[in-house]
Amino acid sequence: MNIFPPDARFDFFGKRFYGYALSVILLLVAAGSLLSKGLDLGLDFTGGVVVELGYPGGADIDAVRDTLNERGFEDAVAQFFGSSEEVMVRLPPTDESQSRVADELLTALQSESDDVEMRRVEYVGPAVGKELFNAGGLALLVVLAGILVYVGFRFQVRLAGGAILALAHDLVVVLGLVSLLGVRFDLTVLAAFLALAGYSINDTIVVFDRIRENFQKMRKGTEQEVMNASINQTMSRTVITSGTTFFTALALLVFGGEALYGFSLTLLLGIAIGTFSSVYVASAVSLDMGLKRQDLLKIDDRERLKEAEDRAP
Numbered sequence: 002m003n004i005f006p007p008d009a010r011f012d013f014f015g016k017r018f019y020g021y022a023l024s025v026i027l028l029l030v031a032a033g034s035l036l037s038k039g040l041d042l043g044l045d046f047t048g049g050v051v052v053e054l055g056y057p058g059g060a061d062i063d064a065v066r067d068t069l070n071e072r073g074f075e076d077a078v079a080q081f082f083g084s085s086e087e088v089m090v091r092l093p094p095t096d097e098s099q100s101r102v103a104d105e106l107l108t109a110l111q112s113e114s115d116d117v118e119m120r121r122v123e124y125v126g127p128a129v130g131k132e133l134f135n136a137g138g139l140a141l142l143v144v145l146a147g148i149l150v151y152v153g154f155r156f157q158v159r160l161a162g163g164a165i166l167a168l169a170h171d172l173v174v175v176l177g178l179v180s181l182l183g184v185r186f187d188l189t190v191l192a193a194f195l196a197l198a199g200y201s202i203n204d205t206i207v208v209f210d211r212i213r214e215n216f217q218k219m220r221k222g223t224e225q226e227v228m229n230a231s232i233n234q235t236m237s238r239t240v241i242t243s244g245t246t247f248f249t250a251l252a253l254l255v256f257g258g259e260a261l262y263g264f265s266l267t268l269l270l271g272i273a274i275g276t277f278s279s280v281y282v283a284s285a286v287s288l289d290m291g292l293k294r295q296d297l298l299k300i301d302d303r304e305r306l307k308e309a310e311d312r313a314p
């Protein structure tokens, strides 16, 4: 299924400096937002009051959220807990006692539904949230380290460097856009970042595989011409894969409700940025780092190439 012309000859790398300029602009915007606004950390990382409620007849979670907003609990997070008859509401830290906050919450919900009952009240301190935040950051670092080792062994050090720079570029830009758009950073958004790390590197590896294959098959042409041909050949796959994933995430954004808003929006941003960076960061940076044909040839091919260069006048 070729929705992109198989014999296309678009000069992607001839325009790579425009791509670099766009990347720099995105990184500056992301850094500026992170430094000025920071992240709107969710209750998973800041702690707060957790109230577990029971609805014997089943709860309408959208009605619960609307009631909480109308009664002054705008920062509350409500979601099903186990079944449709159990709802967990998380509230940010407050100076009031947890029992009083829970009573006010129950009173507000009972004004709309008489059968709601309180089953558990628990306070989660900020130390737990800080521990979760540190663990999430450590998970991202482990992912980056694992990808660096994998790409380094499978390909070549310049390609590995380009892949890691592209992955870091994607995560920083998306993190900055999350900050700029005011998306609440909770565990679902962190899960989206971990998913994006795998998605981004997978897209890059597909391109790198074709580049390595073409360096071994195409005996004529400069490095830039071979890499341009590789990007053109994989563009149909990139458009189809990124497009289907993008529209899946878009469906989650539109129909998933508030609970999946941050997760789906982060995925949408990451898919768009990751597709761009697989060409104009990972591959282009590898080329400008001095990637040569002989770096990706087999040992026998390297020797034949060297002999041909020695015989050349």
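Every letter in the sequence shown is one number past the one before it in the working numbering, and letter 19, counting from 1, is 20. We put the beta carbon where it would ideally sit given N, CA and C, even for glycine.
- The residue among F134, M290, D115, G183 with its C-alpha nearest the C-alpha of R159 is M290.
- 7 Å or more divides the Cβ of G49 from the Cβ of L107.
- According to the DSSP assignment, S201 belongs to the alpha helix (DSSP H) that extends over 188-218.
- Within the stretch 238-283, the complete alpha helix (DSSP H) segments of 4 residues or longer fall at 262-278, listed in chain order.
- Within a 10 Å sphere around the beta-carbon of S24 sit 16 or more other beta-carbons, which makes this residue buried.
- Residue pairing by DSSP leaves F11 without any beta bridge partner.
- In the pairwise beta carbon analysis, the stretch 235-243 is classified as touching the stretch 265-283: at least three pairs are separated by under 8 Å.
- Distance between T276 and D204, taken at the CA atoms: about 7 Å.
- When rounded, the separation of the alpha-carbon atoms in F186 and A136 is 14 Å.
- L69 and S34 have their C-alpha atoms spaced approximately 30 Å apart.
- Taking 3 residues as the shortest admissible run, the stretch 113-157 contains the following complete beta strand (DSSP E) segments, listed from N- to C-terminal end: 118-125.
- For the pair A169 and V152, the CB atoms are not nearer than the 7 Å cut-off.
- Secondary structure remark: continuous beta strand (DSSP E) runs of at least 3 residues inside the stretch 3-85, in chain order: 49-55, 78-82.
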